[in-house]
Amino acid sequence: MAPIRNARTIFHSVPTGYPIPGKTTLYDDNKIIDIENTPLNGGFILKTLVLSVDPYLRNRMCDPNDKSYAWPFTLGEPLISHGVGVVVRSENAKAQVGSHVYGLMCHQEYNVFKDLESEGLMIIENKEGLPWSVYVGAAGMPGKTAYFAWKEYSKAKKGEVAFVTTGGGPVGSFVIQLAKLDGLTVIASAGSDEKVAFMKSIGADVAFNYKTMKTVEVLEKEGPVDVYWDNVGGETLDAALMAANVNARFINLMQVIAKCITLQGFSVHILETKYGTEFYEIIPKRLGSGELKYTEELTDGLDKVGEVILRVQKGENKAKAVVKVADM
Numbered sequence: 001m002a003p004i005r006n007a008r009t010i011f012h013s014v015p016t017g018y019p020i021p022g023k024t025t026l027y028d029d030n031k032i033i034d035i036e037n038t039p040l041n042g043g044f045i046l047k048t049l050v051l052s053v054d055p056y057l058r059n060r061m062c063d064p065n066d067k068s069y070a071w072p073f074t075l076g077e078p079l080i081s082h083g084v085g086v087v088v089r090s091e092n093a094k095a096q097v098g099s100h101v102y103g104l105m106c107h108q109e110y111n112v113f114k115d116l117e118s119e120g121l122m123i124i125e126n127k128e129g130l131p132w133s134v135y136v137g138a139a140g141m142p143g144k145t146a147y148f149a150w151k152e153y154s155k156a157k158k159g160e161v162a163f164v165t166t167g168g169g170p171v172g173s174f175v176i177q178l179a180k181l182d183g184l185t186v187i188a189s190a191g192s193d194e195k196v197a198f199m200k201s202i203g204a205d206v207a208f209n210y211k212t213m214k215t216v217e218v219l220e221k222e223g224p225v226d227v228y229w230d231n232v233g234g235e236t237l238d239a240a241l242m243a244a245n246v247n248a249r250f251i252n253l254m255q256v257i258a259k260c261i262t263l264q265g266f267s268v269h270i271l272e273t274k275y276g277t278e279f280y281e282i283i284p285k286r287l288g289s290g291e292l293k294y295t296e297e298l299t300d301g302l303d304k305v306g307e308v309i310l311r312v313q314k315g316e317n318k319a320k321a322v323v324k325v326a327d328m
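Here our numbering is used: the first residue of the sequence shown is 1, the next is one more, and so on.
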């Protein structure tokens, strides 16, 4: 086989506002790869199938000297996010040809890895026959974010009230469903009537558009709040604090205040060891059976990564954003 194209999307310049396709990110189709003859040294070649586009990618588009919880992308090099690929050539017994692999990978058509463990990768069996795109959404990092933190910090009790912000997104919508499974009454907010309808369809008892209704008034009527899932801060956090019950638990914050309230910031990676195996034993089955529901917005083409990133940053995506790189 002759060398073939190995297109990529690279980090081209540090943005001052929204990341601009063609400026901040650049599609480059000049690279090639020789699948048959590229030295593997005990590793394997992965053909990228799907890539996740998440809000946090903007935090990595920074100057290396800037402070950020996420390490910066390297100028001139491919973007990196969670993805799923299929092994097309291998010298590694744990990554057989045809195996599907999940983990962090460069935004390019083919990636060479030395092994699974040191690269933080894992084989996905997908016994439920889910679309591979689901493994970068509800059965991937967004789902883990919701599941791990809810299990660890919510201390949920049947009959309590949970308030979930960005409830129409991939993380918030999962939290709504986990809260309902634990027997909680759920109040949920989002920024469009379409997302309000979706939140109601997955079980939210009270769903509202924060752009047309005042959060403080909704919480005053429907509260007090025992568990608050925060993704927005600001006035919504203030309203939640006012509506908080005694000994309420606030999740997903980067700061702590005192009022007999537990406020817990977290990183999904910290809880991976504790809940990772349990997550994959439980969540794909529930997604496959339809007990847990999800939505996704699939865009074809690695050349569209920059556009999808911009839509996510502007909040224009209607569901979990995924870029399809190759046929699945």
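Ideal placement from N, C-alpha and C gives every residue a C-beta, glycine not left out.
Unbroken beta strand (DSSP E) run spanning Y27, endpoints: Here residue 27 refers to the residue found at position 27 when the sequence shown is read from its first residue. Looking at the DSSP string, the run of the beta strand (DSSP E) that includes Y27 is 25-28.
Helix, strand or coil, according to DSSP, for W132 in the structure here? As a position in the sequence shown, residue 132 is number 132, starting the count at 1. Of the three classes helix, strand and coil, the one that applies to W132 here is helix, per DSSP.
Count the C-beta pairs between the segment 230-246 and the segment 162-172 that are closer than 8 Å, then say yes if the count reaches three, no if not. yes
According to DSSP, what are the bridge partners of D334? No statement about residue 334 is possible, as the shown extent of the chain runs from 1 to 328 and does not include it.
Using 8 Å as the Cβ pair cut-off and three pairs as the minimum, do the segment 202-213 and the segment 185-194 touch? yes
Assign M254 to one of three DSSP states: helix, strand, or coil. As a first step, residue 254 must be located in the sequence shown, where it is residue number 254. Note on M254: pLDDT 43, under 50, position unreliable in the model; no value is reported.
Could you say which of Q177, G129, V312, V325 lies nearest to P284 if we only look at CA atoms? Translated into positions along the sequence shown, residue 284 becomes position 284. Minimum Cα distance to P284 is reached at G129.
Burial state of I45, where buried means 16 or more other Cβ atoms lie within 10 Å: Residue 45 sits at position 45 when you count from the first residue of the sequence shown. Buried, since its Cβ has 16 or more Cβ neighbours within 10 Å.
Could you say if the segment 47-56 and the segment 78-89 meet the contact criterion of at least three C-beta pairs nearer than 8 Å? yes
For K314 and Y102, the rounded distance between their alpha carbons: Locating residue 102 in the sequence shown gives position 102, where the first residue counts as 1. Locating residue 314 in the sequence shown gives position 314, where the first residue counts as 1. Going by the C-alpha atoms only, they are around 27 Å apart.
Short check: CB of Y27 to CB of K151, under 7 Å? Against the sequence shown, residue 27 aligns to sequence position 27. Against the sequence shown, residue 151 aligns to sequence position 151. No.
Return yes when the Cβ of S90 is within less than 7 Å of the Cβ of I123, no when it is not. Taking the first residue of the sequence shown as 1, we reach residue 123 at position 123. Taking the first residue of the sequence shown as 1, we reach residue 90 at position 90. Not in contact: I123 and S90 (Cβ atoms no closer than 7 Å).
On the CB-based measure, 16 or more other CB atoms within 10 Å of its CB, does G159 come out buried or exposed? Numbered from 1 along the sequence shown, position 159 holds the residue referred to as residue 159. G159 should be labelled exposed.
Every unbroken beta strand (DSSP E) within the segment 213-238, with a cutoff of 3 residues, ordered by chain: 225-229
To the nearest angstrom, how far is it from the Cα of A319 to the Cα of Y228? Numbered from 1 along the sequence shown, position 319 holds the residue referred to as residue 319. Numbered from 1 along the sequence shown, position 228 holds the residue referred to as residue 228. If I take the Cα positions, the gap works out to 22 Å.
What's the gap between the Cα of M213 and the Cα of K180? Here residue 213 corresponds to residue number 213 of the sequence shown, with the count starting at 1. Here residue 180 corresponds to residue number 180 of the sequence shown, with the count starting at 1. Rounded to the nearest angstrom, the two C-alpha atoms are 23 Å apart.
Which residues in the same chain as P224 place their Cβ atom closer than 6 Å to its Cβ, once the five residues preceding and following it in sequence are excluded? As a first step, residue 224 is located in the sequence shown; it is residue number 224 there, counting from the start. Cβ neighbours of P224 beyond the five flanking positions: A243, N245.
May I have the straight-line CA-CA distance separating A258 from M199, to the nearest angstrom? Within the sequence shown, numbered from 1, the residue matching residue 258 stands at position 258. Within the sequence shown, numbered from 1, the residue matching residue 199 stands at position 199. For A258, the pLDDT reaches just 39, beneath the cut-off of 50, and the residue's location in the model is therefore unreliable, leaving the point undetermined.
Closer than 7 Å by C-beta to K23: which residues in its own chain qualify, once you throw out the five before and the five after it? Chain order, please. Working through the sequence shown from its first residue, we reach residue 23 at position 23. H12, S13.
Counting only runs of 3+ residues fully inside the segment 151-209, write out the beta strand (DSSP E) ranges in chain order. 161-164, 185-190, 206-209
Beta bridge counterpart(s) of A244 as assigned by DSSP: For the purposes of this step, residue 244 is taken as the residue at position 244 of the sequence shown. Note: A244 sits in a beta bridge opposite V225.
Are the beta-carbon atoms belonging to V312 and A326 less than 7 Å from one another? The residue given as residue 312 occupies position 312 in the sequence shown. The residue given as residue 326 occupies position 326 in the sequence shown. Result no, Cβ atoms of V312 and A326 do not sit closer than 7 Å.
Looking only at its own chain, which residues have a Cβ that is under 7 Å from the Cβ of Y135, when we skip the five neighbours before and after it? On the sequence shown, residue 135 is found 135 positions in, with the first residue counted as 1. So the qualifying residues of the chain are V84, Y102, I124.
My assumption, with CB atoms under 8 Å, is that F279 sits in contact with K144. Please give the rounded CB distance. Here residue 279 refers to the residue found at position 279 of the sequence shown. Here residue 144 refers to the residue found at position 144 of the sequence shown. Indeed they touch by this definition, with Cβ atoms about 6 Å apart.
Is Y110 helix, strand or coil when you go by DSSP? The residue you call residue 110 lines up with position 110 of the sequence shown. Strand, per DSSP.
Counterpart residues of P21 in DSSP-defined beta bridges: As a first step, residue 21 is located in the sequence shown; it is residue number 21 there, counting from the start. For P21, which the question treats as bridged, DSSP gives the partners T25.
May I have the straight-line CA-CA distance separating L253 from V50, to the nearest angstrom? Here residue 253 corresponds to residue number 253 of the sequence shown, with the count starting at 1. Here residue 50 corresponds to residue number 50 of the sequence shown, with the count starting at 1. Residue confidence for L253 is low, a pLDDT of 46 falling below 50, so the modelled location carries little weight; the figure read from the coordinates is stated next. Looking at the two C-alpha atoms, the distance is approximately 30 Å.
Just to check my reading of the structure: A139 and L178 have Cβ atoms closer than 8 Å, yes? What is that Cβ distance to the nearest angstrom? As a working note, residue 139 is residue 139 in the sequence shown. As a working note, residue 178 is residue 178 in the sequence shown. Actually they are not in contact, since the Cβ atoms of A139 and L178 sit about 14 Å apart, beyond 8 Å.
Give me the DSSP bridge partner(s) of R8. Here residue 8 refers to the residue found at position 8 when the sequence shown is read from its first residue. DSSP lists D28, Q108 as partners of R8.
Contact check, E87 vs A93, beta carbons under 7 Å: For the purposes of this step, residue 87 is taken as the residue at position 87 of the sequence shown. For the purposes of this step, residue 93 is taken as the residue at position 93 of the sequence shown. Contrary to the premise, residue 87 reads as Val rather than Glu in this sequence. Against a cut-off of 7 Å, the Cβ pair of A93 and V87 comes out as no contact.
Would you say P21 and M61 are within 7 Å of each other, going by their C-beta atoms? Walking along the sequence shown from the start, residue 21 turns up at place 21. Walking along the sequence shown from the start, residue 61 turns up at place 61. Going by C-beta atoms, P21 is not nearer than 7 Å to M61.
Excluding the 5 residues preceding and the 5 following N126 in the sequence, name in chain order all residues of the same chain whose CB lies nearer than 7 Å to its CB. Taking the sequence shown and counting its residues from 1, one reaches residue 126 at position 126. Same-chain partners within the cutoff: H100.
Looking only at its own chain, which residues have a Cβ that is under 6 Å from the Cβ of T215, when we skip the five neighbours before and after it? As a working note, residue 215 is residue 215 in the sequence shown. If we look at T215 and ignore the five residues flanking it on each side, its Cβ neighbours are T236, A239.
Can you tell me whether N111 is buried or exposed, with buried defined as 16 or more other CB within 10 angstroms of its CB? What you label residue 111 is simply residue 111 of the sequence shown in a count that begins at 1. Buried.
Determine which residues share a DSSP beta bridge with V50 and list them. As a first step, residue 50 must be located in the sequence shown, where it is residue number 50. In the DSSP output, where bridge partners are listed per residue, V50 has V84, K324.
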